[in-house]
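Notes follow once the structure below has been shown.
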Amino acid sequence: MRHIYMAVDLGSTMIDSCLIDAEDKDVLAQRSTKNPQRLYGSDVINRILTVKRDISFLVKMRDQTVAAIVELLQEMLEDTKKQVEHTEREHELVKLDAVAITGNTTMISILLGYDISDMGEAPFPTTLHGSVIVPGQELFTKEQMAVVEEEYPEIIEEDCNVFLSGCSSAFLGGDVIAGVMHIEKSRNTEVPERYMFLDLGTNGEMVLKDGERYFATSTACGPAFEGCARKQHAYGNSLLEAIALGRRLEKIHANGTLAEEFLDSGIVIHGIHINSEILQSIMLAKAAVYAGIKCLLKTAGLHARDIDKVYIAGGFGFYLNARDAIDLGMLPQDFMDKLEVVGNASLAGATDLLIHGPLSRDFEVYREKLQVIDLTQTEGFQDSLIDACSFVRLT
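Position in the sequence shown (from 1) plus 9 gives the number in our numbering.
Structure follows, in structure tokens:
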């Protein structure tokens, strides 16, 4: 009999997952799919508003999300089956022993069926706080598992539990906590005393660690990066790259306007059509990231030059070009040569929770360590935001 685990990163845009051999801890298969909740809005605020208008959509979102996770499980089981064809393991029974799901506060709340109606307005209340463990057979019902169980009967063990990550606030979720935990606990490289962790996905969350202090915040950036890029059938990083090139060619001005000859028609760079609307949207998004970084640094009494390492995670961050991000003023120029891309740290953290049992306790320790900073109440945030509304290098 083969025992397996499933790790899931439940993102606002994408759902990433992997299957793990419970005995030797090897990753057997990986799969991703688009989050079906995008039908109700590209970001968490729009989904919260959808539920606020009609609470029945909460159940629809939950059921569609569970169905997507089950489909990923089925696909990975098929991938695993192909790997053992014509071997002695081909006809082994498969049992799912445990599942770990990390995600932002809204995604996990929806999966638990918590009412998210009021999460989009101050003081941004959330029912979710600490991590929640539910029986596997409760989250994945017989009806939802019917197709999978045709091939893999009674795959979910009776004592299979599902770990659902807790949060530090409505906009600082378990995906970031799992990422920080993974950075510090499970990587083979030395982690400096002072670092920043930037999760640049649909939501822009960031953590600054200074010794025993952890400051964290979030800022809306992803919808602009991903929305503008999607319209051009490009990745967000490709859009930044095109704008950075436009600046170097002096076809885009520092204030975010196009050169006069392109004002009406826009400009095409690397096959991406850039107009004034896109430039303003990207400028505001990157300014929000920069202002968030500056406010965390100010709260800690530090400067960008004091940071030893900057870990970049998230779908958008995975392809980020450091020079472009710094040239356009999204990241302080003192971060140059300090950036390290760590990929999907949330999924890696979910995997850690399954492989290293004690780390599940560590997750709650890290959750409680994070001191969440409300940017709207932070002195200097608006000034930093205004200062960053240009495409130039910033300190």
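Yeah, the Cβ is synthetic: ideal placement off N, Cα and C, and Gly gets one too.
Asked: Straight-line gap, H282 to I252 (C-alpha atoms, nearest Å); Found: 10 Å
Asked: Exposed unless 16 or more other CB atoms sit within 10 angstroms - verdict on H312; Found: exposed
Asked: Of the residues I54, L58, G358 and F206, the one placed nearest L306, counting alpha carbons only; Found: F206
Asked: Beta-ladder partner(s) of T226, from DSSP; Found: M215
Asked: Reduced DSSP secondary structure (H/G/I, E/B, other) of E349; Found: strand
Asked: C-alpha gap between G280 and L254, whole angstroms; Found: 12 Å
Asked: Beta-carbon spacing of G188, A322 below 7 Å; Found: yes
Asked: The stretch 21-38 contacting the stretch 69-85, beta-carbon criterion three pairs below 8 Å; Found: yes
Asked: Inter-stretch contact (C-beta, 8 Å, three-pair minimum) for the stretch 29-40 and the stretch 49-68; Found: no
Asked: Contact between the stretch 152-165 and the stretch 101-116 (3+ Cβ pairs under 8 Å); Found: yes
Asked: Exposure of N6, with buried meaning 16 or more beta-carbon neighbours within 10 Å; Found: The question about residue 6 has no answer, for the chain in this structure spans 10 to 404.
Asked: DSSP-derived helix/strand/coil call for Q380; Found: strand
Asked: Beta strand (DSSP E) segment containing V143, residue limits; Found: V141 to P144
Asked: Selection from R370, I64, R40 and Y204 that minimises the alpha carbon distance to S126; Found: I64
Asked: Range of the contiguous beta strand (DSSP E) that encloses V171; Found: I165 to L173
Asked: Continuous beta strand (DSSP E) stretch holding G129: start and end; Found: Segment: none, G129 is in no beta strand (DSSP E) and carries neither H nor E.
Asked: Expected contact under 8 Å - CB spacing of A331 and A397 to nearest Å; Found: Contact doesn't hold; Cβ gap of about 17 Å is too wide.
Asked: Coarse secondary structure for T308, derived from DSSP in three states; Found: helix
Asked: As assigned by DSSP and simplified to three states, the class of F390; Found: helix
Asked: Outcome for I98 when other beta-carbon atoms lying within 10 angstroms are tallied against a minimum of 16; Found: The residue asked about is misnamed: residue 98 is Arg in this sequence, not Ile. That one is exposed.
Asked: Reference G310, options I261, I395, F224 and A268, closest by Cα; Found: F224
Asked: Per DSSP, cross-strand counterpart(s) of L28; Found: M15 and A38
Asked: T308 versus L384, I192, S274 and I119, residue with shortest Cα-Cα distance; Found: L384
Asked: Beta-carbon proximity of S118 to L148, cut-off 7 Å; Found: no
Asked: DSSP-derived helix/strand/coil call for H279; Found: coil
Asked: Reduced DSSP secondary structure (H/G/I, E/B, other) of K43; Found: strand
Asked: Among T135, L362, Q391 and M154, nearest to V491 - alpha-carbon criterion; Found: Nothing can be reported for residue 491, as the shown portion of the chain is limited to 10 through 404.
Asked: According to DSSP, residues forming a beta bridge with S178; Found: L181
Asked: Start-to-end residues for the beta strand (DSSP E) that takes in D208; Found: R203 to L209
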